[in-house]
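Q:
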Amino acid sequence: MPTPDRIALLTNFIPPYRLPVLRELERRCKGFQVFISTPMEDGRQWAPEWSGIPVKVQSSFTWRSTWRHPQAFAEPLSIQLPYDTLSQLARFDPDVVISGELGFRTLQAAAFTSLSNRRRLVVWATISEATEQGRGFVRPLVRRALLRVADAVMVNGESGASYVQRFGIGSEKVFRVPQTTDVGPFLQGSAERSPSIRHRLLYSGRLVELKGLIPFMSHLSAWAVRNPQRDVDFCIAGDGPLRSSMAQFPCPTNLNVSFMGHVSYDRLPEIYGRAGILAFPTLADEWGLVAVEAMAAGLPVLGSLYSQAVEDLVADGVNGWTFRPDHPSEVSAALGRALDASVNQLNGMAAQARSTVQDMTACAMADRMMDAVEYACAPERRIQKVTRQFDADLP
8 MPTPDRIALL TNFIPPYRLP VLRELERRCK GFQVFISTPM EDGRQWAPEW
58 SGIPVKVQSS FTWRSTWRHP QAFAEPLSIQ LPYDTLSQLA RFDPDVVISG
108 ELGFRTLQAA AFTSLSNRRR LVVWATISEA TEQGRGFVRP LVRRALLRVA
158 DAVMVNGESG ASYVQRFGIG SEKVFRVPQT TDVGPFLQGS AERSPSIRHR
208 LLYSGRLVEL KGLIPFMSHL SAWAVRNPQR DVDFCIAGDG PLRSSMAQFP
258 CPTNLNVSFM GHVSYDRLPE IYGRAGILAF PTLADEWGLV AVEAMAAGLP
308 VLGSLYSQAV EDLVADGVNG WTFRPDHPSE VSAALGRALD ASVNQLNGMA
358 AQARSTVQDM TACAMADRMM DAVEYACAPE RRIQKVTRQF DADLP
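The opening residue of the sequence shown carries number 8 in the numbering used here; numbering runs sequentially from there.
1. When burial is assigned at 16 or more other CB atoms within 10 Å of the CB, is Y24 buried or exposed?
2. Once you ignore the five residues that flank S225 on each side, which residues in its own chain have a CB closer than 7 angstroms to its CB?
3. Take every Cβ of the region 358-377, pair it with every Cβ of the region 314-327, and state whether three or more of those distances are shorter than 8 angstroms.
4. Any idea what DSSP makes of I170, helix, strand or coil?
5. Could you spell out the range, first to last residue, of the beta strand (DSSP E) harbouring W328?
6. Go through its chain and collect everything with a Cβ distance to L88's Cβ below 7 angstroms, but skip five positions before and after it.
7. Thinking just about the alpha-carbon of each residue, which of T45, G50, L227 and G196 is nearest to the one in Q65?
8. Which complete beta strand (DSSP E) runs does the region 132-206 hold, if anything under 3 residues is left out?
9. For G295, is the classification buried or exposed, using 16 other Cβ atoms within 10 angstroms of its Cβ as the cut-off for buried?
10. Considering only residues of the region 277-355, which uninterrupted beta strand (DSSP E) runs meet the minimum length of 3 residues and lie entirely inside it, listed in chain order?
11. What separation, rounded to the nearest whole angstrom, lies between the Cα atoms of A373 and A340?
12. Just tell me which of A303, N354, P61 and H269 has its CA closest to the CA of W53.
13. Smallest Cα separation from V41: which of R35, R34, M47 and L29?
14. If you draw a straight line from the alpha carbon of F174 to that of S106, how long is it in whole angstroms?
15. Among the residues of its own chain, which have a CB less than 7 angstroms from the CB of R125, if the five just before and after it don't count?
16. Whole angstroms are fine: how far does the CA of F223 sit from the CA of T138?
17. Excluding the five sequence neighbours on either side, which residues of its own chain have a C-beta within less than 8 angstroms of the C-beta of E165, listed in chain order?
18. Quick check on the DSSP output: what are the complete beta strand (DSSP E) runs of length 3 or more inside the region 28-77, in order along the chain?
19. Once DSSP output is grouped into helix, strand and coil, what is the label at L275?
20. Looking at E48 and F20, is the spacing between their C-beta atoms short of 8 angstroms?
21. Looking at the secondary structure, which residues open and close the alpha helix (DSSP H) in which S228 lies?
22. Considering only C-alpha positions, which residue in the set S211, E199, L209 and C384 is nearest to S349?
23. Look at the alpha carbon of L249 and the alpha carbon of I284, and state the distance between them as a whole number of angstroms.
24. Pick helix, strand or coil for T368, following the three-state DSSP scheme.
25. Just verifying my parser: in three-state terms, what is the DSSP assignment at F119?
26. For the alpha helix (DSSP H) containing Q95, list its first residue and its last residue.
27. Can you say whether H334 is buried or exposed, counting buried as having 16 or more other CB atoms within 10 angstroms of its CB?
28. Please name the residue in A118, V297 and L290 whose C-alpha comes closest to that of V215.
29. Looking at L209: is its Cβ nearer than 8 angstroms to the Cβ of C242?
30. Are V190 and M161 close, meaning C-beta to C-beta below 8 angstroms?
31. Starting from A254, trace the beta strand (DSSP E) both ways and give me its first and last residue.
32. Using 8 angstroms as the threshold, is the C-beta distance between M253 and L227 below it?
33. Can I176 and L154 be called in contact, C-beta distance under 8 angstroms?
34. For N261, which residues of its own chain have a beta-carbon under 7 angstroms away from its beta-carbon, when the five flanking residues on both sides are left out?
35. With DSSP run on the structure shown, which of helix, strand or coil describes L26?
36. Given a threshold of 16 other Cβ atoms within 10 Å of its Cβ, counted over all protein chains shown, does L84 qualify as buried or as exposed?
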């Protein structure tokens, strides 16, 4: 299969965890350019950092909206609408365009690649069945149209694959590219923990309704009340609009909740090294990179099945415990099994967790992206595309 000379990547912004994968992707082609809609997404505390990757910030409008999910949370959205994509792509003249998400930028990418039989479109659909609930009736229509003109589709995992295949996309066209980062720093420390911290719970991420934190604290408090002889530590790394409510939550005296505030990305391996179990009670996550990071650092995951990473990577009772956050009995049962497990059991599960993700390197994920690109560029794919266009023109 031929490898294209020039690849353009269209995305909203570049979070720090994605840099290692993008660097590896750049190494695999002669010309590489990232086009972003904004230096940093609203609500993120990361400083824009691109570390030598060729990046152009597009001219964009911002549309603010609210996502109201059936799980009874509301998430404010800042949707970037880049309006100079066609002219930017024309100047760069890529062979392949990888377009993130399934909106206005991908619509422009589809228009651009349709102008030449040489060019290919790969859609990077970072979505899951949980995140596509409550999106209205227009989005599925747009997504069906965009997915069908794509030459290949990349998804995070099985839930994403199931979602895009609802629109008649053949399985051979769908490539699973789970989100990852440079897992090396997370793998460096021991997977074992001392008895004093092995049961310590850690949450890492934004403090927003979507993450299911207040309901989880209710379950955790109830467990502490039922087990007054046990002290429980719950450490929270991150910040957001829920911090005040969480700080004022009425916890029993044997539940110690501590807030670390925003933690820079390079400090996360250290933070994980001081905890024993990752708590991830999200109500809807397209992936959940925190699960990969934690497992690499030697933390079993107490996680929601509405995270695609938990659904794909966590085997209940083997390297963590899973639950559906809208089923209280499942949350309570999983929490109880995690906190009642012995230190030896937890250290064994930590080793299993690390083994699960240790090969999810940035290099491996860049290779998977190139598999999608090369499939899109295969000569037989070009013939199929021309045939489809010819058939569509027949009376």
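Glycine residues also receive a C-beta, built at the ideal position from the N, C-alpha and C atoms.
A: The answer reads as follows:
1. What you label residue 24 is simply residue 17 of the sequence shown in a count that begins at 1. Counting Cβ neighbours within 10 Å, Y24 comes out buried, since at least 16 surround it.
2. Along the sequence shown, read from residue 1 onward, the residue named residue 225 stands at position 218. Answer for S225: no residue qualifies.
3. yes
4. Mapped onto the sequence shown, residue 170 falls at position 163. The sequence shown places Tyr at residue 170, not Ile. Y170: helix per DSSP, three-state reduction.
5. Along the sequence shown, one-based indexing puts residue 328 at 321. Where W328 is concerned, the enclosing beta strand (DSSP E) stretches over G327 to F330.
6. As a first step, residue 88 is located in the sequence shown; it is residue number 81 there, counting from the start. Here L88 has S67, F68, W70 and F111 as same chain residues with Cβ atoms under 7 angstroms from its own Cβ, once five neighbours each way along the sequence are excluded.
7. By 1-based counting over the sequence shown, the position of residue 65 is 58. For Q65, the nearest C-alpha among the options comes from T45.
8. 159-162 and 181-183
9. Position 288 of the sequence shown, counting from 1, holds the residue named residue 295. That one is buried.
10. Here the runs fully enclosed are 284-287, 308-311 and 327-330.
11. As a working mapping, residue 373 is identified with position 366 in the sequence shown. As a working mapping, residue 340 is identified with position 333 in the sequence shown. Within the model, the alpha-carbon separation for A373 versus A340 is close to 38 angstroms.
12. One-based indexing of the sequence shown puts residue 53 at position 46. Among A303, N354, P61 and H269, the Cα nearest to that of W53 is on H269.
13. If you number the sequence shown from 1, residue 41 lands on position 34. It is L29 whose Cα lies nearest to the Cα of V41.
14. In the sequence shown, the residue the question calls residue 174 occupies position 167. In the sequence shown, the residue the question calls residue 106 occupies position 99. Taking the straight line from one Cα to the other gives about 18 angstroms.
15. Taking the sequence shown and counting its residues from 1, one reaches residue 125 at position 118. These residues qualify, in order along the chain: D102.
16. Taking the sequence shown and counting its residues from 1, one reaches residue 138 at position 131. Taking the sequence shown and counting its residues from 1, one reaches residue 223 at position 216. Each residue's alpha carbon lies about 19 angstroms from the other.
17. Position 158 of the sequence shown, counting from 1, holds the residue named residue 165. Correct list, in chain order: R183, Q315, E318 and D319.
18. You should have 38-43, 62-64 and 67-75.
19. Counting from one through the sequence shown, the residue named residue 275 turns up at place 268. Of the three classes helix, strand and coil, the one that applies to L275 here is helix, per DSSP.
20. Here residue 20 corresponds to residue number 13 of the sequence shown, with the count starting at 1. Here residue 48 corresponds to residue number 41 of the sequence shown, with the count starting at 1. Contact: yes.
21. Here residue 228 refers to the residue found at position 221 when the sequence shown is read from its first residue. Taken as a continuous stretch (DSSP letters only), the alpha helix (DSSP H) holding S228 covers L220 to R233.
22. Walking along the sequence shown from the start, residue 349 turns up at place 342. When only C-alpha atoms are compared, the closest one is E199.
23. Position 242 of the sequence shown, counting from 1, holds the residue named residue 249. Position 277 of the sequence shown, counting from 1, holds the residue named residue 284. If you take the alpha carbons of L249 and I284, they lie about 22 angstroms apart.
24. Taking the sequence shown and counting its residues from 1, one reaches residue 368 at position 361. Secondary structure at T368: coil, using DSSP grouped into helix, strand and coil.
25. Taking the first residue of the sequence shown as position 1, residue 119 is located at position 112. Helix.
26. Within the sequence shown, the letter at position 88 stands for residue 95. T92 to F99 is the span of the alpha helix (DSSP H), which, as asked, contains Q95.
27. As a working note, residue 334 is residue 327 in the sequence shown. Its Cβ having fewer than 16 others within 10 Å, H334 is exposed.
28. Taking the first residue of the sequence shown as 1, we reach residue 215 at position 208. Out of A118, V297 and L290, L290 has the C-alpha closest to the C-alpha of V215.
29. The residue given as residue 209 occupies position 202 in the sequence shown. The residue given as residue 242 occupies position 235 in the sequence shown. It is a contact, given that the beta carbons lie within the stated cut-off.
30. In the sequence shown, residue 190 corresponds to position 183, counting from 1. In the sequence shown, residue 161 corresponds to position 154, counting from 1. Taking a C-beta distance under 8 angstroms as the contact criterion, V190 and M161 do not qualify as a contact pair.
31. The count along the sequence shown starts at 1 and reaches residue 254 at position 247. Here A254 belongs to no beta strand (DSSP E); instead the alpha helix (DSSP H) covers R250 to A254.
32. The count along the sequence shown starts at 1 and reaches residue 253 at position 246. The count along the sequence shown starts at 1 and reaches residue 227 at position 220. No. Outside cutoff.
33. Taking the first residue of the sequence shown as position 1, residue 176 is located at position 169. Taking the first residue of the sequence shown as position 1, residue 154 is located at position 147. Yes, they are a contact pair.
34. By one-based count along the sequence shown, residue 261 stands at place 254. Hits under 7 angstroms: A231, P235, R237, D238 and V239.
35. As a position in the sequence shown, residue 26 is number 19, starting the count at 1. Correct three-state label for L26: helix.
36. Working through the sequence shown from its first residue, we reach residue 84 at position 77. Burial call: exposed.
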